[in-house]
Structure formats: structure tokens, C-alpha cells
Amino acid sequence: MMELRHLRYFLAVADSLSFTRAAATLHLTQPTLSQQIKQLEQGLGTVLFDRVGRSVRLTAGGTLFRQHAERALKEISSASAALGELEGLMHGTLTIGVFQSFNSSLLPPILASFSAAYPGIHVTVRQLPTGEMEERLVKGELDLGIAYVRAVAAKIATEELFDEAMTLVVGAQHPLAGLRAVTAKQLHDQPLVLLTSEFPSRTLLTQWFSEAGYEARIRMEIDSTDAILATVKCSALATIQTRRMASIMPDLRCIPLRPRLIRTAAILWRSEGYRSAAARVAAALIKQAYGRNTAVKAAAA
28 MMELRHLRYF LAVADSLSFT RAAATLHLTQ PTLSQQIKQL EQGLGTVLFD
78 RVGRSVRLTA GGTLFRQHAE RALKEISSAS AALGELEGLM HGTLTIGVFQ
128 SFNSSLLPPI LASFSAAYPG IHVTVRQLPT GEMEERLVKG ELDLGIAYVR
178 AVAAKIATEE LFDEAMTLVV GAQHPLAGLR AVTAKQLHDQ PLVLLTSEFP
228 SRTLLTQWFS EAGYEARIRM EIDSTDAILA TVKCSALATI QTRRMASIMP
278 DLRCIPLRPR LIRTAAILWR SEGYRSAAAR VAAALIKQAY GRNTAVKAAA
328 A
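Numbered according to the working numbering, the sequence shown spans residues 28 to 328.
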């Protein structure tokens, strides 16, 4: 009876055209390998190798069988991998790091779809600043991250998702609420409430002001976007945030920045790390919903 090992033994000899070298590769004695090949030939009813002295070459039957043997081993390998993937999606864990605005408005429908499809996977979502997210990815504490692209660490790989334009966000009665656009020159005296310095948007904003020759007038720093928007709504302070985030709170006005200030959201991976089946499926759902050329990009711009 032909067994899987016979295919492997046959291909080892076919690749090296030497029973001696093939036996060494397979960690078998040469007589044992020769016996196994003979069993295979008897089972098939044909001679696979032409043995002339110390030289070995494939017969016509051996050449034909080699094609089928290679295809069979590839199919078996694919089937084994598929079964492993299925097992990996039946139970296990998935830990995702996200930035605040994605967690509050874009991630929930992804989590709902994932949970419905893979109820055996325990999902943990950690809301983190980008720097800490990268550190945890490198340490293997996260399966994937979702953050705004910046000068990422060397061990981090990124897949860009969508662009978002930052806007000035003010209360309905704010003096700047009626403007159609606003520049750094118009804003440099405006007291702002912004996210704390570990958030990438602060770096982008600092660069935006600096390129225009100004500095932001930061009156207050809060590490919560929701709290910032609530503060803006009931005070004379302004903030700089995306239109999407500002829309979660009524009675706020968004004024485009000139020149535009764009930030790009991306999936973050540990570049050389193992990507579990659950992580790859989650990433595929995220890219399907929010990848390039999606409605999110169009709305955000």
C-alpha cells in the first residue's frame, strides 16, 4: 500500500538522483530507502528509476509519477494548513490595539461581524497611544494595531487604510464658527484644548503651525477626545479634530484648515512576527470596510 512517506522518499531520490544523498537527507540508511522505493514500485506496478551502476535516472514512468507526487504533496500541505487555520478560528484569542477615535466610532461594527462569525475567539481591545501600541506589538502583546501613520519603529509594518482631514472644531457661538476656512495665522492666538503630547496628531499639528511660522496656543491638554469635544461645546476654547469625530457631539462647527492637514490611518503589524488566522481575518474585515477607496475615505476628506 502506498503511503505518504513513499512519496517523500521518491521525491528525495528524484531531486538528488542519488540514493546515497537522498538517504542522508532523510536520515535513513541506504538499504532502507532502497527497500521503500522498491515497495512503491511494486505497488504501482512500474519501475520509477533506471539504476545503472552508481547512476540513477528517472524512467518515463518515474517522470510522470513525479509530477503527480509533487502535486499530491502540495495538496496535502495545503489541506493541513487549511485545517490548522480552521482550528485557529474555532477557539483562541485576539488582542487589538487601537487609537481612540477608531475605537469609539469605526471598530464596533467590525467587532460585531467578527464575533458573529467566530464566537469561539476571545477578543480584547486596548485603547493605546501609538508609541505604546508599537512597543506592545514588538513584544508580542498585541496581534495587530490600528493607528495613525507616523515614523513607525523599524520592526513595525503598516498597511494604510484611509486619510482624514483635520478641521478646527468650535462651538456654535464661537467667533470663528462662520468662517469657511482657517489658517495658522488666524489660529495662533486662539486658545486650544488638544490631546496630550503622546498622540501623533499633536506632532502633526505642531508641524502644521511650524511650517506656517507660528506656534499653537495650547490652553488645555486632555487625553480623551470625548472630553475635549464636550469642553469645546461649553467654552470659548477650540480644538483640532476630524469632522467624523466632531459629528458625535451636536452643536459643534467644523472649519477646514488651509493648507489641509491630513492624517492617515493604518493597520500595524510586527513585521517579522507570526500573524494568526484570527488576526488576518480581523485585518481583512477592517480593510474591506475602511480600506483605500472606501466611503470612509471619501467622507473623511
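Ideal Cβ positions, reconstructed from N, Cα and C, are used throughout, including at glycine.
Near Gly-356, which residues of its chain fall below 6 Å by C-beta distance, leaving aside the five closest residues on each side in sequence? Nothing about residue 356 can be reported from this structure: the residues present for the chain run from 28 to 328 only.
State the beta-bridge partners of Leu-123 as determined by DSSP. Note that residue 123 is Ile in the sequence shown here, rather than Leu. Secondary-structure assignment with DSSP links Ile-123 through a beta bridge to Val-152, Leu-171.
Could you tell me which residues DSSP puts in a beta bridge with Ala-211? Per DSSP, Ala-211 has no beta-bridge partner at all.
Span of the beta strand (DSSP E) holding Gly-198? That run of the beta strand (DSSP E) goes 183 to 198.
Classify Asp-281 as buried or exposed, calling it buried when 16 or more other Cβ atoms lie within 10 Å of its own Cβ. The sequence shown places Cys at residue 281, rather than the Asp named in the question. Buried: at least 16 other Cβ atoms inside 10 Å.
Hey, how far is the Cα of Glu-242 from the Cα of Val-209? Cα to Cα, Glu-242 sits roughly 15 Å from Val-209.
Closest residue to Ile-173 among Ala-292, Thr-56, Arg-35, Lys-65 (Cα-Cα distance): The residue among Ala-292, Thr-56, Arg-35, Lys-65 with its C-alpha nearest the C-alpha of Ile-173 is Ala-292.
Environment of Met-160 [buried if 16+ CB atoms lie within 10 Å]: Residue burial annotation: Met-160 is buried, with at least 16 other C-beta atoms found within 10 angstroms of its C-beta.
Across which residues does DSSP place Asp-77 in a beta bridge pair? Answer is Arg-84, bridged to Asp-77.
If you run the structure through DSSP and keep just helix, strand and coil, what is Leu-231? DSSP places Leu-231 in helix when its eight states are reduced to three.
Would DSSP call Ala-328 helix, strand or coil? Its pLDDT being 36, under 50, Ala-328 is placed unreliably in this model, and the value from its coordinates should be taken loosely. Collapsing the DSSP output to three states places Ala-328 in coil.
Any 3 or more C-beta pairs closer than 8 Å across the region 231 to 242 and the region 199 to 213: At 8 Å Cβ cutoff, the stretches touch.
Whole angstroms are fine: how far does the CA of His-149 sit from the CA of Leu-44? Answer to the nearest angstrom: the Cα atoms are 51 Å apart.
According to DSSP, simplified to helix, strand and coil, what is Arg-280? If DSSP states are grouped into helix, strand and coil, Arg-280 belongs with the strands.
Kindly list the residues whose CB is nearer than 6 Å to the CB of Tyr-249, restricted to its own chain and excluding five residues on each side of it in sequence; keep chain order. Just to set this straight, residue 249 is Ile in the shown sequence, not Tyr. The answer, listed in chain order, is Ile-255.
Across the region 87 to 101 and the region 35 to 50, are there enough close Cβ pairs to call them in contact, namely three or more that are closer than 8 Å? Taking a cut-off of 8 Å on C-beta distances, the region 87 to 101 touches the region 35 to 50, as three or more cross pairs fall below it.
Proximal residues to Arg-270 (C-beta, below 6 Å), its chain only, five neighbours per side dropped: Its chain contains Thr-194, Cys-281 as the residues whose beta carbon lies nearer than 6 Å to that of Arg-270, once the 5 sequence neighbours on both sides are disregarded; these appear in chain order.
What is the DSSP secondary structure of Met-247, counted as helix, strand or coil? Here Met-247 sits in strand by DSSP.
Leu-219 bridges to which residues according to DSSP? Per DSSP, the beta-bridge partners of Leu-219 are Ile-245, Ala-265.
What separation, rounded to the nearest whole angstrom, lies between the Cα atoms of Met-28 and Leu-169? Near 47 Å, if we compare the C-alpha coordinates of Leu-169 and Met-28.
If Leu-219 sits next to Arg-229, beta carbons under 8 Å apart, how far is it from one beta carbon to the other, in whole angstroms? That belief does not hold up - the Cβ atoms of Leu-219 and Arg-229 are roughly 11 Å apart, past 8 Å.
Could you check the C-alpha separation between Arg-32 and Val-83 for me, to the nearest Å? Each residue's alpha carbon lies about 20 Å from the other.
Starting from Arg-35 and walking both ways along the alpha helix (DSSP H), at which residues does that stretch end? Residues 31 to 43.
Going by alpha carbons, who is nearest to Ile-289 out of Gln-234, Ser-224, Met-276? Of the listed residues, the one whose Cα sits closest to Ile-289 is Gln-234.
Boundaries (first-last residue) of the alpha helix (DSSP H) holding Leu-293: According to the sequence as given, residue 293 is Ala; it is not Leu. Run containing Ala-293: none in the alpha helix (DSSP H); it sits in the beta strand (DSSP E), 289 to 297.
Alpha helix (DSSP H) containing Arg-271: first to last residue? The continuous alpha helix (DSSP H) containing Arg-271 extends over residues 270 to 273.
Taking Ser-298 and Lys-182 to be in contact with their CB atoms under 8 Å, please state how far apart those CB atoms are, rounded to whole angstroms. With 8 Å as the limit, Ser-298 and Lys-182 qualify as a contact, their Cβ atoms being about 5 Å apart.
Quick one: give me the first and last residue of the alpha helix (DSSP H) that Lys-65 is part of. If you look at Lys-65, you'll find it in the alpha helix (DSSP H) that goes 57 to 71.
Helix, strand or coil for Pro-202 per DSSP? Residue state, collapsed to three classes: coil.
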